[in-house]
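Sequential numbering from 555 applies to the sequence shown in my numbering.
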Amino acid sequence: MERFADLIRPDGFIVPTTRRDHQRVRRGLARGELVSVLPGVHVLAATTVDTTVRINALRHVDPDAVVVGAAAALVWWPEVEVPVVEATRRGQRRAVTGYRWTKARFPDELVVEHGGVRMASPALSTLQLTGVHGGNAVDEALRRRACTLHDLWVVHDLLVGRRGTRAWRDLLHDSRDEPWSPAERIFHRRYREAGCLVAHQTNYPVALDSGLVFLDLAIPDLQLSFEVDGYETHKQKGAFEWDRDRGTQLAGLNWHEVRWAASFVMFQGAATRRRIRAIIAARAAVFGIPVGEVLRPE
């Protein structure tokens, strides 16, 4: 709106600094021409006050504030739902619609700057999200290369003893094989519980005629791999055909690929463990390896 053109800053906010400007803004608010984002920070009424606007408004009222949780995770996980913008601020702060204030403090090494706003680092925001998203937050961060497992452990170690860090530790132990989905995470746990003695690798690279592929969980000494898939993965004709092509190429290299339904792995724990043991024992027999060398006694 032209009458406020001289007050609008390059980032779209109106932050009055003089008595006269404050009077103009109050009149604009009363007429519905302006809306407040934060006390003293306003935008034109036509502006959509979304999460990004709320985040950027913070730098005008508290440059030391640190955006945390889901709002900070938007940098690396754009699809994540952000109910409110949560931020750490010093002192007593009055409630503002769309925000939640916290007094938590974090070491400087866990804070990054993005667009002039201080935010929780990707590793810190990942672990903060586990309270809502569980292990899926860790899976998303690792899959998107937002941070590494080492980065997550650094956050844990810097904040150990704070509320929630024990749950973080358990999730990080479950993430040691870097699963890319909740079903893979659970399968890796089932595998470890099955008492397998033979060395395994996750996301194991194998060169095929069609290019490099990565096996979810591979046992190279047995040329055995386990893949965990949901129904959605193979609904498309192209995905269905590619899996068959990949499977035949792996078979030509003497790899035995075993595919698991994600639903079975997630809800049939005991059966999954029994079958893992049976498959490994059978594959070891093909190579003439005694079962005692690949499986612990039950």
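For every residue, glycine included, the Cβ atom is placed at its ideal position computed from N, Cα and C.
Here DSSP, grouped into helix, strand and coil, assigns residue 809 to coil. Rounded to whole angstroms, the gap between the alpha carbons of residue 773 and residue 756 is 9 Å. In chain order, 835 and 838 place their CB closer than 7 Å to the CB of residue 845, counting only its own chain and leaving out the 5 sequence neighbours on each side. Between the stretch 715 to 728 and the stretch 794 to 814, the count of Cβ pairs shorter than 8 Å is below three; the stretches do not touch. Beta-bridge analysis with DSSP links residue 765 to 762. Spanning the alpha carbons of residue 737 and residue 613 requires a straight line of approximately 40 Å. Under the DSSP assignment, residue 604 falls outside any beta strand (DSSP E); it carries neither an H nor an E label.
Taking 8 Å as the cut-off, the beta carbon of residue 595 is found no closer than this to the beta carbon of residue 588. Apart from sequence neighbours up to five positions away, the residues of its chain that approach residue 700 with a beta-carbon distance below 6 Å are 630 and 676, ordered along the chain.
Between residue 692 and residue 725, the C-beta gap is smaller than 8 Å, which places the two residues in contact. For residue 783, the enclosing beta strand (DSSP E) covers residues 778 to 783. Only residues of its own chain outside the window of five on either side were considered, and among them 803 have a CB closer than 6 Å to the CB of residue 762, listed in chain order. By the Cβ criterion, the stretch 615 to 629 is in contact with the stretch 654 to 672, since at least three pairs of Cβ atoms, one from each stretch, lie closer than 8 Å. Uninterrupted alpha helix (DSSP H) stretches at least 4 residues long and entirely within the stretch 613 to 692 occur at 623 to 627 and 676 to 687, given in chain order.
Residue 741 is positioned such that its CB atom lies no closer than 8 Å to that of residue 767. When C-alpha distances from residue 776 are compared across 585, 711 and 812, the shortest belongs to 812. In the DSSP annotation of this structure, the continuous segment of the alpha helix (DSSP H) that includes residue 817 starts and ends at 816 to 821.
Restricting attention to 750, 565, 841 and 667, the CA atom closest to the CA of residue 851 is found in 750. The beta carbon of residue 698 is closer than 8 Å to those of 630 and 631 in its chain, skipping five residues each way along the sequence. Contact annotation, residue 680 with residue 659: C-beta distance approximately 19 Å; criterion of less than 8 Å not satisfied. Residue 595 is bridged by DSSP to 592. Around the beta-carbon of residue 805, fewer than 16 other beta-carbon atoms lie within 10 Å, marking it exposed.
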